[in-house]
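Peer 1:
Residue numbers (the numbering used here): 15 to 318.
1. Which partner residues of residue 44 appear in the DSSP bridge assignment?
2. With residue 156 and residue 190 assumed to form a contact (beta carbons below 8 Å), what rounded beta-carbon distance in angstroms separates them?
3. Should residue 63 and residue 46 be called a contact, given that it needs their Cβ atoms to be closer than 8 Å?
4. Using only alpha-carbon positions, find the residue among 213, 258, 109 and 246 that is nearest to residue 48.
5. Which of helix, strand or coil does DSSP assign to residue 246?
6. Starting from residue 178, trace the beta strand (DSSP E) both ways and give me its first and last residue.
7. How would you call residue 42, buried or exposed, if buried means at least 16 neighbouring beta carbons within 10 angstroms?
8. Rounded to whole angstroms, what's the CA-CA distance from residue 240 to residue 231? Just pull it up for me.
9. May I ask you to report which of helix, strand or coil DSSP gives residue 252?
10. Is it true that the region 20-40 meets the region 96-113, where meeting means three or more beta-carbon pairs spaced less than 8 Å apart?
11. I need the straight-line Cα distance from residue 16 to residue 113, nearest angstrom please.
12. Residue 146 lies in the beta strand (DSSP E); which residues open and close that run?
13. May I ask which residues mark the beginning and end of the beta strand (DSSP E) holding residue 108?
14. Quick check on residue 245: buried or exposed, where buried means 16 or more other Cβ atoms within 10 Å of its Cβ?
15. Buried or exposed for residue 307, going by 16 or more other Cβ atoms inside 10 Å?
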């Protein structure tokens, strides 16, 4: 698994793939999808697919693949080596979603939530396999959100494929377990070799990366710059990170804030729902722009 491209620029998402076995281009195949790192506040989320001929499911099962969460890091590495050695009939691909791209997507003006990101990433990987000529007939997916709706969505997009979406699919279907191992091995390696482009001397003892881990919370508090916030290793859209920024970072006023909510509604001669329940304070006035802008006669415009 060559992760050089992502290591060189971990601010962008990246796809890493194996060679496509020739047998997968001529024989009906099954494919599993799973992710690693959905919950942590630190590091990337990685989606993985693994595929093989339906007639060779038993061969895959004989490799003793299992849900990556039940395996140690060493066990995952050994199983991934076995999957790589079986490249005559097993193929895989991973999509590494950088923490930076996850957070900017979730906080952009047109919200793009984590479920939508997950769905689109999974769809993109299935389409990649099809575009490479893999003869997909069965797809097994570990659910994100309601299983029935997700299965219906995937079935409409890929009408020629029998799609099964289930909770705990990584423990039920070996091909999903294999995808889970590919994703987790990639995430573990990326996190271990993370290069801080901010040129920081950072302590690597950040715990599991999950929001409720005391070590992770301590690391977040230690490496939060009061002006610039966090390095790109942190998913700043997570509430754990945001609460630390809100309480310890320098307050920032954005002029755009005044165009949202009640003030934006007032421009259109209507009122936000909140205006019916809260009385305006008599001293409330629009904040004056900083003198830097007034002295240079700079104004905010909505179009050019």
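For glycine and all other residues, C-beta sits at the position ideal for the given N, C-alpha and C.
Being a predicted model, the structure only gives us computed values, none of them experimental.
Peer 2: Taking the structure as given:
1. BP columns for residue 44 point to 66 and 152.
2. 6 Å
3. yes
4. Cα-wise, what sits closest to residue 48 is 109.
5. coil
6. 176-180
7. exposed
8. 16 Å
9. coil
10. yes
11. 20 Å
12. Per DSSP, residue 146 is not a residue of any beta strand (DSSP E), being assigned neither H nor E.
13. 105-111
14. buried
15. exposed
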